Amino acid sequence: GQNIDQPTEMTATEGAIVQINCTYQTSGFNGLFWYQQHAGEAPTFLSYNVLDGLEEKGRFSSFLSRSKGYSYLLLKELQMKDSASYLCAVWMNRDDKIIFGKGTRLHILP
Amino acid sequence: SAVISQKPSRDICQRGTSLTIQCQVDSQVTMMFWYRQQPGQSLTLIATANQGSEATYESGFVIDKFPISRPNLTFSTLTVSNMSPEDSSIYLCSGLGDEKLFFGSGTQLSVL
Chain A
432 GQNIDQPTEM
442 TATEGAIVQI
452 NCTYQTSGFN
462 GLFWYQQHAG
472 EAPTFLSYNV
482 LDGLEEKGRF
492 SSFLSRSKGY
502 SYLLLKELQM
512 KDSASYLCAV
522 WMNRDDKIIF
532 GKGTRLHILP
Chain B
226 SAVISQKPSR
236 DICQRGTSLT
246 IQCQVDSQVT
256 MMFWYRQQPG
266 QSLTLIATAN
276 QGSEATYESG
286 FVIDKFPISR
296 PNLTFSTLTV
306 SNMSPEDSSI
316 YLCSGLGDEK
326 LFFGSGTQLS
336 VL
């Protein structure tokens with residue numbers, strides 16, 4: 432089976448930093464994706480973590496702890512355009528499929 | 226990176242009819258998946274499209290309702306059969322390549 436948990440909604444202020452957490456329990460694990468999705472659009476790729484640790488890409492960073500079944504997406508210097516849903520997804524190696532969490536809707540306040 | 230062309234982008238269909246959604250990838254991907262996204266919700270995996278063989282369906286989805294084909298590495302179709310209003314949703318195809326999951330632009334289906 433699989434279980435992927437993320438907070439439903441978060442609110443942050445423009446210019447600030449926000450951390451979106453994702454915990455997972457899956458049968459087999461290859462890696463973890465983070466996607467951004469604006470309303471009415473397809474998801475866009477942000478990151479893919481396979482090994483433990485932090486990976487930084489500009490304003491966005493993603494962290495993974497395989498032993499804890501835990502990841503987070505860190506967004507710095509928030510901009511209004513960062514208002515979107517952020518989806519955590521696990522690539523399960525047992526069944527070779529990719530399952531998404533319910534997503535976190537991030538609201539940015541001016 | 227791969228570009229996935231999905232069509233139609235939207236359709237309005239009558240109850241009891243069927244609609245086939247097509248996805249074409251511009252480069253080879255190792256795996257292709259079909260997802261459904263209800264309004265305001267996340268992506269739910271329908272099935273993994275397997276090249277040259279029957280798709281692998283998730284719990285709650287069956288081949289008679291959602292037949293899937295993948296005749297080669299770069300093309301797949303999903304048919305939504307005998308539609309009812311409950312099938313109204315966005316359907317997304319995706320391809321996995323270079324440790325990235327690429328998405329088509331989605332098909333917004335409304336069933337009357």
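Keeping their order, the protein sequence lines are chains A and B. Just remember that the numbering used here sits 431 ahead of the position in the first sequence, which is counted from 1. Just remember that the numbering used here sits 225 ahead of the position in the second sequence, which is counted from 1. Think of the CB as a built atom: it goes at the ideal place given N, C-alpha and C, for glycine as much as any other residue. Since the structure is predicted, the reported quantities are computational estimates derived from the model, not experimental observations.
Pairwise C-alpha distance: residue j and residue i
{"i": "S330 of chain B", "j": "C318 of chain B", "result": "8 Å"}
{"i": "D236 of chain B", "j": "P264 of chain B", "result": "16 Å"}
{"i": "S493 of chain A", "j": "N307 of chain B", "result": "42 Å"}
{"i": "E472 of chain A", "j": "G459 of chain A", "result": "30 Å"}
{"i": "E324 of chain B", "j": "D312 of chain B", "result": "31 Å"}
{"i": "P292 of chain B", "j": "C248 of chain B", "result": "14 Å"}
{"i": "Q468 of chain A", "j": "Q266 of chain B", "result": "11 Å"}
Outcome for residue i when other beta-carbon atoms lying within 10 angstroms are tallied against a minimum of 16
{"i": "R490 of chain A", "result": "exposed"}
{"i": "N524 of chain A", "result": "exposed"}
{"i": "R240 of chain B", "result": "exposed"}
{"i": "M511 of chain A", "result": "exposed"}
{"i": "L303 of chain B", "result": "buried"}
{"i": "G534 of chain A", "result": "buried"}
Beta-carbon proximity of residue i to residue j, cut-off 8 Å
{"i": "S502 of chain A", "j": "L495 of chain A", "result": "yes"}
{"i": "H538 of chain A", "j": "T442 of chain A", "result": "yes"}
{"i": "I530 of chain A", "j": "L270 of chain B", "result": "yes"}
{"i": "A520 of chain A", "j": "F464 of chain A", "result": "yes"}
Residue i - DSSP class collapsed to helix/strand/coil
{"i": "P296 of chain B", "result": "strand"}
{"i": "K488 of chain A", "result": "strand"}
{"i": "M308 of chain B", "result": "coil"}
{"i": "D236 of chain B", "result": "strand"}
{"i": "D436 of chain A", "result": "strand"}
{"i": "K512 of chain A", "result": "helix"}
{"i": "R497 of chain A", "result": "coil"}
{"i": "A473 of chain A", "result": "coil"}
Neighbour flag for residue i against chain A, beta carbons, 8 Å
{"i": "S267 of chain B", "result": "yes"}
{"i": "G329 of chain B", "result": "yes"}
{"i": "E324 of chain B", "result": "yes"}
Cβ-heavy atom distance, residue i to the ligand HEM, below 7 Å
{"i": "G285 of chain B", "result": "Absence of the ligand HEM is noted for the structure shown, with no ligands found whatsoever."}
Chain B within 8 Å of residue i, Cβ atoms only
{"i": "A473 of chain A", "result": "yes"}
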